[in-house]
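The next block holds one structure in the form of structure tokens; read it before the comments.
Residue numbers (our numbering): 3 to 1229.
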């Protein structure tokens, strides 16, 4: 159903709202995200540009000083002080350059940091406002990617953005000085540079295409992984891991294929760029000496030109990189802009102002789904109807979550909303209930008691301060629903929209909650309440009933009026009501219970029952059963409120083992080969330069040098050899890196598919997803280039030292102190920066997990008007993250200044020793050693950075390794003892003295269960929340392993056989119906085992055939993420279809009927009675009427068998079961 507005909504919005609307609506031109960024961050960034300009100009001073120095060496009679002055000037100039450069970087990085904060904030704010259709167009995974990957692109770009103008400037200046010393021959060199540009342009365009393609694969892989982890329990219960593993590996295969293409391209461009400066020098020198015999290549010309060519190297290298960064960022910019341009919910869609005082809403939906209804203020209205008739949509419409097509919609005052599936924050229980409201003891206690939470609190390890895991994982379904209800009750709103809040709780708890909270005598009496419900027994107590059929109101009126009309509603009642409606006077007498229940008192929150009805202590609630997860006993200290494992923290130095492990993943031989190729390439480079130095010292005869041809030839061949080796090494390394990426990801995935359920219950999903997205990305795309750079800088630094020592042996004296200084600076920095980076990444995941939590709960956050609070929480998390990010930037500057100081000292000493030993030195050697010294600063600096980056990034290998080695479940198939193919034939289940606990160190959940279910029996399992009902079913599947005792199925001990043999022989319809995005066929049969005809038959039996055949795609109907585009009831029917397909002898129903209206319930029960007549059926029931005709009923209490007999015998015994049946109106 859709509703949208034709402009007749109330004019004039709330000023708070309009400020939140990020993109105004009135303008015709599309709003530009780029313009906003420039206006906000541009001016600050310009300061960095100014520093960059100064630094560029300074970098040309030293080559000029070098030429003066060589002149000085040539003329032996010049006074020594000149030489020392030159050396001093060189040092001073280099020092100044260092200081200015780091100012520039500081400004760049801070800009990047601000950009990240700003964009993260704007994405978060937008996510709270987009419409549901917009939300469907970008999945959760994509939105989280916007915030993590795309924002990072901006940060990376800003650092070198100035190169866009600085690179051309440096190139121009370098060419100007070169022209002065070599004349027109420089043009030959320029020609080579110009020719290399189109080559790189082609490579860049190709790489960009690959990048986009790879992003798509990555998005879909993370999205699927996210769903797998969310539904991991279902995968385990159905033994579906192999088929989903195949899906992930299929996507991964394509992703790596793209990466391999990109690697070849990057090897090509590395070749072009490493050889560019050399080719330019070669052509320039060759042309210079060939053009004119009298052109002599002396030391001054050669080495000053070389140092200018070296200056050229950086801008030439960076320019294409910046341009490719720019292209990537433009992709991200488009993605973010598209997201920010999504439609927003119309804040004026629901009018909260103009309504007359006694009405709740009036709205008409357009035909065919037009609804007119109004609800008087302070009344309790029930909405009933079959699955998929639009009950939840009606609530969504009232919240303003749907598009209104026409008509008016008004709701008076503030709204509180309880959704069908409770949304629980990763926070303490108390924070979940307060939800940002101020705390008042009395009101809080009333709410807890009315929502039947006091017993539960007593059993939580830290009472209401207990931290609740993501998605409320450590609460049972019923507890989550009650917390959700308590949140609404506490908010003290004017209007309450309750979407089936009673479905997930047991019948007597439901009765308690109805009486104490929702009903005419409850906390909310006097408020306007709209209750969607399937519970027939509550209907006599509501003021008004609305019956929906296919999105229309088929009838409405009071309970009596509808009974008298004798229409569809009366018919519906007769088929469902547990007892004859004539007895209804007795029911309505309950509406005003006698005084011990509610002593009337002046304040609006009535104190709930202190006096508890005697005779049968209140069986309520409590126990702390997770959805197959954790029970924390009060035995653990009360203070232990947080039960989520904190990320293990690895020691200071990254262990060598991790590097070795990466090398192994790459391949030991490959790794050795890469190092060897690097050695060769540096040898060739040194050879070429020594040859050049030798050439410049050749005596000049008659104004020309002899055999220049040979000189040029050897120089050229040495240089080209270097280029080839570079290309080979970079290609080998990239392919090795991809090999490692494949191995590590496959190990991680294989382990995670075999990890026991307990791990998922105690580890936040964000942390696991982080391994699959961030860490895998680092291994795919960050580590290989970092290793490449590290090896390059390491070998070039070594070769510099070798050359300087060869030409001025005195240099050996200072090499030791300088190395020591360098080493200390480097260690100090690396240790600090790595910890800062760790802190930064640890404080980063909460931003993303809070974001994805917000995305799943947007409708609640909006309904309660908590948007601004959540925005503030997000900002606080970002601030915490910046706290460790900013010192990281500053640490980088600290390092840069110190390392470059070492480099500057190398320049100083190379020049000094040249001056001191000028008697024995020829100009060629001086030129060689000082020009090498001038470029060492860059190498040293990059080497530390690369060491640090490598150490920080190799952590990804460590993190993946850690998660690839967590303990695994029992083997999937145990070859030694496989059950017969048709096992189990009878379906006999026997528990022998069976005990189980969730995790080591926790109390037993089931204590010494012994019972036997004969083949084909139908057994209902009942008991209060936390009695161990779900735990018992989890034990059958060995999601929980026995602490003592055993379970036998048809006489075979289930602990002896493989998990998949066991799990594929049983079938469960779980409590929460979980679907995956993909076709309906994939959801019913992911392994593709069954023919189409069987699938259709299963759909027919599960009453979905009509719906599926009405869809144009049929079985290929696309389910959205989590099955969002099906109603909860339909999702449950899909689960029924899965069960029908598997046809196993043992069927387990876990409260499967909780979220379904009674009609669907009857359909399912009917199907189970006919289709599974021969099978053993175990049902965990909340609605007792579903199990009244079962063979036997098992009553569990505190993990032990309390009663086990036929329903009739149990009713006669007047025990626990009788009490529950009486509450449900069945006894």
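We put the beta carbon where it would ideally sit given N, CA and C, even for glycine.
Rounded to whole angstroms, what is the Cα-Cα separation between residue i and residue j?
| i | j | result |
| --- | --- | --- |
| residue 774 | residue 666 | 20 Å |
| residue 1122 | residue 222 | 13 Å |
| residue 920 | residue 75 | 6 Å |
| residue 366 | residue 373 | Residue placement at residue 366 is flagged as unreliable, the pLDDT there being 45, under the threshold of 50; the coordinate-derived value follows with that caveat. Rounded to the nearest angstrom, the two C-alpha atoms are 5 Å apart. |
| residue 1180 | residue 1187 | 15 Å |
| residue 558 | residue 549 | 6 Å |
| residue 342 | residue 330 | 18 Å |
| residue 517 | residue 454 | 11 Å |
| residue 447 | residue 541 | 28 Å |
| residue 657 | residue 663 | 10 Å |
| residue 751 | residue 38 | 41 Å |
| residue 176 | residue 314 | 7 Å |
| residue 841 | residue 660 | 20 Å |
Cα-Cα, which of the options is closest to residue i?
| i | options | result |
| --- | --- | --- |
| residue 207 | 129, 325 and 109 | 325 |
| residue 236 | 881, 946, 877 and 1085 | 1085 |
| residue 1043 | 1031, 1056 and 660 | 1056 |
| residue 1192 | 1212, 1202 and 1203 | 1212 |
| residue 850 | 149, 1053, 494 and 130 | 149 |
| residue 267 | 900, 787 and 856 | 787 |
| residue 139 | 1020, 101, 1079 and 1105 | 1079 |
| residue 1013 | 1051, 1169 and 1223 | 1051 |
| residue 969 | 758, 145, 136 and 710 | 758 |
| residue 696 | 683, 520, 684 and 712 | 712 |
Less than 8 Å between the C-beta atoms of residue i and residue j, yes or no?
| i | j | result |
| --- | --- | --- |
| residue 68 | residue 306 | yes |
| residue 435 | residue 417 | no |
| residue 1131 | residue 390 | yes |
| residue 1182 | residue 1035 | yes |
| residue 500 | residue 452 | no |
| residue 996 | residue 964 | no |
| residue 1021 | residue 1185 | no |
Grouping DSSP H, G and I as helix and E and B as strand, with all else coil, what is residue i?
| i | result |
| --- | --- |
| residue 150 | helix |
| residue 997 | strand |
| residue 1274 | Nothing about residue 1274 can be reported from this structure: the residues present for the chain run from 3 to 1229 only. |
| residue 1119 | coil |
| residue 424 | coil |
| residue 823 | helix |
| residue 1039 | coil |
| residue 1207 | strand |
| residue 439 | coil |
| residue 243 | helix |
| residue 452 | helix |
| residue 344 | coil |
| residue 1009 | strand |
| residue 1048 | strand |
| residue 430 | strand |
| residue 569 | coil |
Please go through the same chain and pick out, in chain order, the residues whose beta-carbon is closer than 6 Å to the beta-carbon of residue i, but skip the five residues on each side of it.
| i | result |
| --- | --- |
| residue 2 | No answer is possible for residue 2: it lies beyond the span of the chain, which begins at 3 and ends at 1229. |
| residue 281 | 194 |
| residue 85 | 74 and 917 |
With hydrogens ignored, establish whether the beta-carbon of residue i is closer than 7 Å to any heavy atom of the ligand HEM.
| i | result |
| --- | --- |
| residue 500 | Among the components modelled here there is no ligand, and therefore nothing to report on the ligand HEM. |
Identify, in the order they occur along the chain, each residue of the same chain with its Cβ nearer than 7 Å to the Cβ of residue i, setting aside the five sequence neighbours on each side.
| i | result |
| --- | --- |
| residue 895 | 104, 107 and 108 |
| residue 915 | 810, 812 and 813 |
| residue 839 | 890 and 954 |
| residue 823 | 904 |
So, at 8 Å on beta carbons, what are the nonlocal neighbours of residue i in its own chain, with the 5 sequence-adjacent residues on each side left out?
| i | result |
| --- | --- |
| residue 95 | 60, 63, 64 and 67 |
| residue 401 | 352, 417, 419, 499, 861, 864 and 865 |
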